[in-house]
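Contents: one structure, followed by commentary.
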Amino acid sequence: MGDFNAMRNGQEWRGGMSIRREMLEFDDFINECGLVDLSLIGRKFTWYHSNGASMSRLDRFLLSKGWCCNWENVKQWGLNHSLSDHCPIVLKNYIIDWGPKPFQFFDAWLEFPEFKEMVGDTWKSTVVNGWNGYCLKEKLKETKKVLKVWSKNRVLEIDVGIQRSIDSIVAIDKKGEVLPLSPEDIVIRRTNFLDLWKNQRIKEIMWRQNARKTWISEGDANSKFFHNCVKGRRRKNDIVSIMAGNERLEEVNKMKKGVANHFEALFKEEAWQRPVLDGIEFKKISEEERAMLEVPFNEEEVKQAVWNCESAKAPGPNGFNFKFIKEMWEVLKDDTMGFVTDFHKHGKLVRGINNSFIVLVPKFSNPQKIEEFKPISLVGVMYKVIAKLLACRLSSVLKGIIREN
598 MGDFNAMRNG QEWRGGMSIR REMLEFDDFI NECGLVDLSL IGRKFTWYHS NGASMSRLDR
658 FLLSKGWCCN WENVKQWGLN HSLSDHCPIV LKNYIIDWGP KPFQFFDAWL EFPEFKEMVG
718 DTWKSTVVNG WNGYCLKEKL KETKKVLKVW SKNRVLEIDV GIQRSIDSIV AIDKKGEVLP
778 LSPEDIVIRR TNFLDLWKNQ RIKEIMWRQN ARKTWISEGD ANSKFFHNCV KGRRRKNDIV
838 SIMAGNERLE EVNKMKKGVA NHFEALFKEE AWQRPVLDGI EFKKISEEER AMLEVPFNEE
898 EVKQAVWNCE SAKAPGPNGF NFKFIKEMWE VLKDDTMGFV TDFHKHGKLV RGINNSFIVL
958 VPKFSNPQKI EEFKPISLVG VMYKVIAKLL ACRLSSVLKG IIREN
């Protein structure tokens, strides 16, 4: 820790001269040593010129990945300076409670032999009356309840199974150091290796999904790489403090309220006179094209829309991704088709189908103010199916109605 008299990129300085070569060298040093450079909370810079015209981030803590794994909630704060031109920096083990984690389907659950049968039985035994969209929503909700209970116990069994397999293999290996192994020992050892491989594979798939990383050619044989990615991703995305106007918010409820007030205010601005489009002649679709757009959706069209959606995209509030929909298509397709058919007939969605998570995404590194975040919506899979179907239909006529100029 301390004053490294160097910056990593152009966002860490303002005013004065930037030395690109030194930036690259310092950034390479951090990456090659496998160090973790925590985001700075409380301010953007740690050094200020006496005239205030230039400033930069020269001071920082550089931590080992092992240290960060033991202190997952540590944060780096920049404090106010007095006579010194440098700001003090301090590490705090800061835990913030945003409430219970929402449900999320993990692709690794598909590796369990009983998974598909359990989901199928739950789906068939759940009887719901009402619109097809409502039935689909309630069946997904009931399936989620069952998976929550099942996964809590089943995933714990993975760690137990891994340790049991390792202990058995080690015991047989030690036995083989003294005496020749019997055919039974060889079979047991091979079986334990197979069980170990299966359980390790399940854990790696789960860590990979949490880390939001794709597999790389030099990836670890264990989950250490993805474990570090998860920790780093959580540190990077965690919001523990934010500026709303001139006030710094640190409590959960105050941050939630401050963010909500900010974005609500954007929709309360005074209305302005929109341009008049009188006298402009727009291209029109033909009667045949109109009829084509209004044809009911068939099963093949719906299935194609589902398969065109990326399986690993972040899920919406119901927690299911398209990997689940694709793998369980034979179970879900009748209810899904009923939902799509109802939407086509009535042009309405059942309440809750279009619920979404509003997520704050930084516009650039080390954001401090609410204005430095942009909101995105994580919508549920069923709403995405409708959106994809409509987009595919409209794409066939867009070229004919959009002018080149």
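In the working numbering, the protein residues as written are 598 to 1002.
Glycine included, C-beta positions come from ideal geometry on N, C-alpha and C.
Membership of S722 in the alpha helix (DSSP H) is indicated by the continuous run 712 to 722.
Annotation for A768: no beta strand (DSSP E) segment contains it, though the alpha helix (DSSP H) segment containing it runs 729 to 775. The residue among A768, E968, Q608, E1001 with its C-alpha nearest the C-alpha of F860 is E968. Beyond the five residues adjoining it in sequence on each side, A705 comes within less than 6 Å, by CB distance, of I799, I802, M803 in the same chain, given in chain order. A Cβ-Cβ contact shorter than 8 Å links I769 with I785. In the DSSP assignment, Q673 falls within the unbroken beta strand (DSSP E) covering 671 to 675. Assigned with DSSP and collapsed to three states, Y980 falls in helix.
For the 8 Å CB-CB criterion, M652 and R611 form a contact.
Assignment of L874 by DSSP, reduced to helix, strand and coil, places it in the coil class.
In the DSSP annotation of this structure, the continuous segment of the beta strand (DSSP E) that includes M840 starts and ends at 839 to 841. Rounded to whole angstroms, N670 and I692 show a C-alpha spacing of 6 Å. Separation of G599 and C989 (C-alpha to C-alpha, rounded to the nearest whole angstrom) is 56 Å. Contact check for M934 against V982 fails: the beta carbons are separated by 8 Å or more. Separation of C666 and M852 (C-alpha to C-alpha, rounded to the nearest whole angstrom) is 27 Å.
When DSSP states are grouped into helix, strand and coil, I950 belongs to the coil group. With the rule of 3 Cβ pairs closer than 8 Å, the region 951 to 961 counts as touching the region 901 to 918. Between the beta-carbon of G997 and that of K865 there is about 39 Å, and that puts the pair past the 8 Å contact cut. Per the coordinates, the alpha-carbon of S838 lies some 27 Å from the alpha-carbon of N628. Cβ contact annotation for K745 (same chain, cutoff 8 Å, sequence separation greater than five): F700, in chain order. Take the alpha-carbon of K971 and the one of L957: they are about 6 Å apart.
For N729 and D932, the gap between their C-alpha atoms comes out near 7 Å. Nearest C-alpha to F790 among S762, K920, H683, L632: S762.
Annotation for R845: the continuous beta strand (DSSP E) segment containing it runs 844 to 846. Cβ-Cβ distances below 7 Å link K923 to V903, W904, S908 in the same chain, with the five nearest sequence neighbours on each side left out; the list follows chain order.
The region 672 to 691 makes contact with the region 634 to 644; the number of CB pairs closer than 8 Å reaches 3 or more. For L680, the secondary structure class from DSSP, reduced to helix, strand or coil, is coil. Following the DSSP letters along the chain, one finds K900 inside the alpha helix (DSSP H) bounded by residues 896 to 904. Per the coordinates, the alpha-carbon of G675 lies some 27 Å from the alpha-carbon of G696.
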